[in-house]
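Q: Numbering (UniProt numbering), first residue to last: 1 to 151. Here a beta-carbon is modelled for each residue, glycine too, at the ideal position from N, C-alpha and C.
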Amino acid sequence: MELITRELVAFPMEAQTKMEALSLLSDALWREKRISSKELFMEDVLKREKEFTTGFGGGFAIPHGKSDAVLTPSIAVGRSSHPLDWDAMDEKPVFLVFLLAVPEAHAGDTHLRILAKLAENLMDDEIREELLALESSEALYHYTSRILGGI
Numbered sequence: 001m002e003l004i005t006r007e008l009v010a011f012p013m014e015a016q017t018k019m020e021a022l023s024l025l026s027d028a029l030w031r032e033k034r035i036s037s038k039e040l041f042m043e044d045v046l047k048r049e050k051e052f053t054t055g056f057g058g059g060f061a062i063p064h065g066k067s068d069a070v071l072t073p074s075i076a077v078g079r080s081s082h083p084l085d086w087d088a089m090d091e092k093p094v095f096l097v098f099l100l101a102v103p104e105a106h107a108g109d110t111h112l113r114i115l116a117k118l119a120e121n122l123m124d125d126e127i128r129e130e131l132l133a134l135e136s137s138e139a140l141y142h143y144t145s146r147i148l149g150g151i
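1. Pick out the complete alpha helix (DSSP H) segments inside the UniProt domain "PTS EIIA type-2" (2–147), 4 residues or longer, and give them in chain order.
2. Is the separation between the beta-carbon of residue 98 and that of residue 118 shorter than 7 Å?
3. Rounded to a whole number of angstroms, what is the C-alpha to C-alpha distance between residue 102 and residue 82?
4. Compare the C-alpha of residue 32 against each of 9, 79, 53 and name the closest.
5. Could you check how far apart the C-beta atoms of residue 137 and residue 6 are, in whole angstroms? I think they sit under 8 Å.
6. Hey, how far is the Cα of residue 93 from the Cα of residue 85?
7. Find the nearest neighbour of residue 38 within the set 66, 134, 145, 116, judged by alpha-carbon distance.
8. Below 6 Å CB to CB, which residues in the same chain sit around residue 42 once its five sequence neighbours on both sides are set aside?
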């Protein structure tokens, strides 16, 4: 099964806050039967958020949940039409959110490979600029699929 599908892309994502963004993306994971419980998954994501910000900087956040509620490793992506306060490392607002969902049983290897691949790509100025300039859900889906290729 693919990590990301068109149904897991929210563009535009009508969220005003970090909590709304996490809830909307978790809804997509639940609708696509990638998680068994939105409540349990959100609880695990928020527990991680309390430990350390997932605001990557440059307008991006990579929240992640290692959870028994996750049925299959997945990524839900949202492009917010509003700046989101995410307590990012660079103190700038977030516009693009990659929500990782990984089963607790696969947490080590799968989780780290996905996170490393995303972080590696998001450190590239050109890729960040291109991602933020995308103008459709379809374009965001294809671009994200391409940068995650090989996982």
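A: Looking at the coordinates:
1. 18–31, 38–51, 107–122, 125–133, 137–147
2. yes
3. 27 Å
4. 9
5. 7 Å
6. 5 Å
7. 66
8. 26
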